[in-house]
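Peer 1: Could you have a look at this structure, given as structure tokens, before my questions?
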Amino acid sequence: MKTKLLALALALTFVMPVTALAEDAPAATDPVDEIRAEIQELRNYLTELREQVQNGELTKEEAKEAWKTTLAEIREKKEALFQDMMDKAEQKYENLAENNPELAEAIRNRFEGFTAARTERHERFKELRESFDNGEMDRGQYRLGIREAHQEFKAKRLEHKEQFRSFIQDRREQLRERRGMDDSEETGE
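Residues in the sequence shown are numbered from 1 upward in steps of one, following my numbering.
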């Protein structure tokens, strides 16, 4: 019974919307392809800025300012997308908390750990950027600092992922043990 309900839920969730989209609208573009296209546009824009500086149409300072403005816009857009994802995750968490509070709490801890590590990484990036802009470090030191900040973030992310994986495995084992006990009670053993 549960298998049939699960299959029905999966069909309603994934198959029906895809079928409806295929009939009513043109095929949606892949988000990865969109990101790649935006990155290519950025590279083209940077090349244009460099050419304008070489041709004397812009000063080096004007080009730097234009590039910094563009990067700030991109960071805002990225932050908005991240916040949208977090809002959706929060909504799913609230729905899950009603049905399975223990799992919801584990997910909450994972998200909080991830967002704390992400915030810490962003703060470190800002510090490094300010130090580089103020001339307190050279480009090599700046890049090394960025690399180290990425590695620290990656290590924290993997740690949280492993903790969550461990929780899920423990939970599965508990469910198997309960099911085993339930099966033995039903058969009269």
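The beta carbon of each residue, even a glycine, is placed where N, CA and C say it ideally should be.
None of these values were measured; they are calculated from a predicted model.
(1) Less than 6 Å between C-beta atoms, sequence neighbours within five positions excluded: which residues of the same chain meet that for Arg110?
(2) Would you decide whether Leu128 is buried or exposed? Buried here means 16 or more other CB atoms lie within 10 Å of its CB.
(3) Find the nearest neighbour of Ala63 within the set Tyr45, Glu136, Arg179, Glu73, judged by alpha-carbon distance.
(4) Expressed to the nearest angstrom, what Euclidean distance is found between the alpha-carbon atoms of Glu102 and Glu162?
(5) Starting from the C-beta of Thr70, find all residues in its chain whose C-beta is less than 7 Å away, skip the five residues before and the five after it, and write them out in chain order.
(6) Name the two residues that bound the continuous alpha helix (DSSP H) containing Met85.
(7) Have a look at Tyr142, Arg121, Glu173, Thr119 and flag the residue whose alpha-carbon is nearest the alpha-carbon of Glu130.
(8) Given this structure, state the Cα-to-Cα distance separating Ala191 from Arg124, to the nearest angstrom.
(9) For Ile35, does the count of other Cβ atoms within 10 angstroms reach 16, so buried, or fall short, so exposed?
(10) In this structure, how does DSSP classify Gly140 when only helix, strand and coil are distinguished?
(11) At the level of alpha carbons, what is the spacing between Pro26 and Asp33?
(12) Could you tell me which whole beta strand (DSSP E) segments of length 3 or greater appear in the region 145 to 185?
(13) Work out the CA separation of Asn134 and Gln40 for me, nearest whole Å.
(14) With DSSP collapsed to three states, give me the class of Asn134.
(15) Among Lys68, Arg108, Phe167, Arg75, which has the Cα closest to the Cα of Met86?
Peer 2: On the basis of the coordinates in this document:
(1) Stepping through the sequence shown from its first residue, residue 110 is reached at position 110. Contacts found: His160, Phe164.
(2) Reading the sequence shown from its first residue, position 128 is the one you call residue 128. When all chains shown are included, Leu128 counts as buried.
(3) In the sequence shown, the residue the question calls residue 63 occupies position 63. Comparing Cα-Cα distances from Ala63 to each of Tyr45, Glu136, Arg179, Glu73, the minimum goes to Tyr45.
(4) Within the sequence shown, residue 102 is the residue found at index 102, counting from 1. Within the sequence shown, residue 162 is the residue found at index 162, counting from 1. Using only the alpha carbons, I get a separation of about 17 Å.
(5) Your numbering for residue 70 matches position 70 in the sequence shown. Excluding positions up to five away in sequence, the list reads Tyr45.
(6) Residue 85 sits at position 85 when you count from the first residue of the sequence shown. Here the alpha helix (DSSP H) through Met85 covers 60 to 99.
(7) Taking the first residue of the sequence shown as 1, we reach residue 130 at position 130. Residue Tyr142 is the option with its Cα nearest to Glu130.
(8) One cannot answer for residue 191 here, as it falls past the ends of the chain, which runs 1 to 189.
(9) In the sequence shown, counting from the first residue as 1, residue 35 sits at position 35. With fewer than 16 other Cβ atoms within 10 Å, it is exposed.
(10) The residue you call residue 140 lines up with position 140 of the sequence shown. In this structure, Gly140 counts as helix in the three-state DSSP scheme.
(11) The residue given as residue 26 occupies position 26 in the sequence shown. The residue given as residue 33 occupies position 33 in the sequence shown. Legend: pLDDT at Pro26 = 43, less than 50; position of this residue unreliable, no value from coordinates given.
(12) none
(13) Indexing the sequence shown from 1 puts residue 40 at position 40. Indexing the sequence shown from 1 puts residue 134 at position 134. When rounded, the distance between both Cα atoms is 30 Å.
(14) One-based indexing of the sequence shown puts residue 134 at position 134. Of the three classes helix, strand and coil, the one that applies to Asn134 here is coil, per DSSP.
(15) In the sequence shown, the residue the question calls residue 86 occupies position 86. Ranking the options by Cα distance to Met86, first place goes to Arg108.
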